[in-house]
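Below: one structure, written as structure tokens.
Structure (structure tokens):
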């Protein structure tokens, strides 16, 4: 824990710096995986699954029967919890699907934007110690709401050679029926270029390890869109003297347990709060099953004391955290000044883990300072907004002369001619 | 002109392929420019401007006096045309600024999204033969509507060592007062990392040559967002027997004159239309000042005859053109089936050049098949949508148990604890 009292403004850029993870050393091996998948398709996928997951996968596509039978393997209380979360995610993401009205810009000139779903999207869900079924909901539900025709999901097999049933259940609940048992950079390559079994998609979503992240970056430059640039998870908590230190400590630790590279920041205007939160962390940390991970991450955490809440939020805006928890007596006053973050948790009961699972907001958010320029995943992420314009003969009469003058001034005579030829035909009628 | 009658479906992917422009050979020199600008700031900018633009620029920032005096240098009719275009662009882009209502997902759980402008954006306007003042409007007006605090513009000097007055005038009209005379990869590097004079921005917009494009790709991977991946401009025209061949020819040629690598495609269900359009092109081409460029681009153009309009639009959806002109007797029937494109021009009088300048839609659009997954620039491009959630004690009672169960199932005990500690405190009250 690095504690800094009243950091002067000129030190903020340094405090905001995230650890640089250089993945360039991975590039050669990831490129090799991508190359092999493009060249050999399913054969390469089977070989990489054997090599990395130690599983001789007979077939890549998960059978409908297997998906169906997963339902009964999910405990009742977990199933109910997932259904509640799915309903909230659905409500909030459905509200984002907004139809826009046409706009008449000049008489006879009508412009509009139409929401058109991406045709084919691919979701990646990593394997590893914890089955991230919540991310299935966060990606599959907006895809369904947007109306994507094809939504596929790739996830690696567990040690038992199977996909965790909670992932299968969450996928089925969210309307996904096409699930492929393949992970890592090879899964990204398969979705980017297609194989005999796995279809090529237009956009790839989802978290992953360094290989997956690097693969997403590489395929992005060859025409496949990706959700967001990736980075370790982050939380910044703004707390004043009204905050319960045990709540603040719990929120910081819930971020810290994600991984040793998680970024945890407390910004407060009260020195006593700062000290109490640190004490609380020590006592809560010991009881956590993932305390080794959380402790490592807490080593790099920042505990910052500022003169006032205004400075706290100014610092937060410069830091641009993925998650921002505002635990102050008048949280909306602070919230109103927020400029750069992924998602904001307003008030004492709004813990960050609520947004991770069940409040309804999306948990796929910009990290690493990208919140300055990127939004988190939303229904918009699965939609293109195509513009349309219809110009009548009256319309081209109204704006045609302006187009002619401007095209000529840009030296584009053929652009002008496309108008002239139409105006002439109208005059001749 | 490549004419293909009834291309079978299996040939479509090949027909949809764009020429691959390999810019990897530029990488070393672009990286060198970026490195020098990061290390030496303004000094490097002055050196590169001397080297590439042959101008010994005394200062980089354009003075207010110079911007003001540009007004009188713009001819009256051009000024009026620009004002009309700006008004239409403003109307349409202002309609895109939609405030969303809060959503109560569970009792006591309120979620909302708020539009927050990007703080600092940088616009790049290339120099070259034609001054692209229309692009100034297309980028600066949405930035102003979004409410960006700082909007800067970089553009190289002309041969006379000055910036074209129409660019200065368009910038001033759109509310930009911070203009820097610097072009190329060095301008992109300056906006990405900042120099003594030029501020660092959060997102970079605008077209450019291969150096600029490569520089945008490189800086994107280090935390600066960019508008869109770049590629040569494209149009696909769907025409039936009702279309005036001279209109269609004019639209195809207006695309062709952009550059020798422009992509021009006609899809029709009528062989006579196909032949007439080709004849028209020959006769119109000869009169164009940029006929050499247009002729080169026409060499690679595709003239495709299909069995019916349904096939035309299916092909277009696979091609995913930047611009789609629908010149048929019932254009909205065709328009309703459009899935992948940047902007659609509906009906005989809706020429593509209208969207380039004055209809109100944006002309910064996805090329190279990116229309499958990207939208064009809009007011959204200058906005982040930050999510907020407020959870009351009732709210955490309602969704808390679900969060606890899900967090435990994902092996994230500290996430669970952030809820447990709150529920316990409520019970104790």
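Protein chains in written order, with the working numbering: chain A, 1 to 429; chain B, 1 to 429. Here a beta-carbon is modelled for each residue, glycine too, at the ideal position from N, C-alpha and C. Here the structure is a predicted model, which means the values were calculated and not measured.
Listed along chain A, no residue sits closer than 7 angstroms to residue 330 of chain B by beta-carbon distance, the nearest being about 13 angstroms off. Within the segment 137-176 of chain B, complete alpha helix (DSSP H) segments of at least 4 residues are found at 165-173, given in chain order.
Look at residue 278 of chain A here: in three-state DSSP terms it is helix. Of the candidates B/371, B/390 and B/389, B/371 places its Cα closest to the Cα of residue 16 of chain B. Taking a 10 Å sphere around the C-beta of residue 390 of chain B, we find 16 or more other C-beta atoms and assign the residue as buried.
With its beta carbon less than 8 angstroms from one in chain A, residue 357 of chain B belongs to the interface. Among the CB atoms of chain A, one or more fall inside 8 angstroms of the CB of residue 415 of chain B. In the DSSP assignment, residue 112 of chain A forms a beta bridge with A/388.
Taking a Cβ-Cβ cut-off of 7 angstroms, the neighbours of residue 92 of chain B in chain A comprise 103, 105 and 111, given in sequence order.
Counted as a single uninterrupted DSSP element, the beta strand (DSSP E) harbouring residue 267 of chain B occupies residues 263-268. For the set B/267, B/115, B/196 and B/21, the Cα lying nearest the Cα of residue 311 of chain B is the one of B/267. At a cut-off of 8 angstroms between beta carbons, residue 260 of chain B makes no contact with chain A. When the five nearest sequence neighbours on each side are left out, the beta carbons in the same chain lying within less than 7 angstroms of the beta carbon of residue 174 of chain B are those of 86, 136, 137, 140, 141 and 144, in order along the chain. Here DSSP, grouped into helix, strand and coil, assigns residue 105 of chain A to strand. Between residue 368 of chain B and chain A, the shortest Cβ-Cβ separation is below 8 angstroms.
Take residue 404 of chain B, set aside five residues on each side of it, and the residues of its chain with a beta-carbon closer than 7 angstroms to its own are 416, 419 and 420, in chain order.
If you look at residue 394 of chain B, you'll find it isn't in any beta strand (DSSP E); it sits in the alpha helix (DSSP H) that goes 393-409. At a cut-off of 8 angstroms between beta-carbon atoms, residue 289 of chain B makes contact with chain A. Runs of the beta strand (DSSP E) lying entirely within the segment 192-219 of chain A, each at least 3 residues long, are 203-205 in chain order. Taking 8 angstroms as the cut-off, the Cβ atoms of residue 207 of chain B and residue 230 of chain B count as close.
In the structure shown, the three-state DSSP call for residue 13 of chain B is helix. Here residue 281 of chain B is not near residue 257 of chain B, since their CB atoms are 8 angstroms or more apart. Secondary structure of residue 368 of chain B (DSSP, three-state): coil.
Counted as a single uninterrupted DSSP element, the beta strand (DSSP E) harbouring residue 303 of chain B occupies residues 302-305.
Straight through space, the alpha carbons of residue 180 of chain B and residue 246 of chain A are spaced by roughly 51 angstroms.
Taking 8 angstroms as the upper bound for CB-CB distance, residue 309 of chain A and residue 295 of chain A are not in contact here, some 29 angstroms apart. Close CB contacts of residue 74 of chain B within its chain, under the 7 angstroms cut and outside five residues either way in sequence, are with 165, 166 and 169 (chain order). Counting only the Cα atoms, residue 409 of chain B lies some 24 angstroms from residue 55 of chain A. Secondary structure at residue 122 of chain A: strand, using DSSP grouped into helix, strand and coil. Taken in chain order, the complete beta strand (DSSP E) segments of 3 or more residues contained in the segment 63-106 of chain A are 103-106. The beta carbon of residue 244 of chain A falls within 8 angstroms of a beta carbon belonging to chain B, placing the residue at that interface. For the C-beta of residue 390 of chain A, the chain B residues within less than 7 angstroms are, from N- to C-terminus, 346, 347 and 350.
Residue 198 of chain B and residue 330 of chain A have their C-alpha atoms roughly 38 angstroms apart. For residue 318 of chain B, the enclosing alpha helix (DSSP H) begins and ends at 309-319. Look at residue 35 of chain B here: in three-state DSSP terms it is helix.
In the three-state scheme derived from DSSP, where H, G and I count as helix and E and B as strand, residue 3 of chain B is classed as strand.
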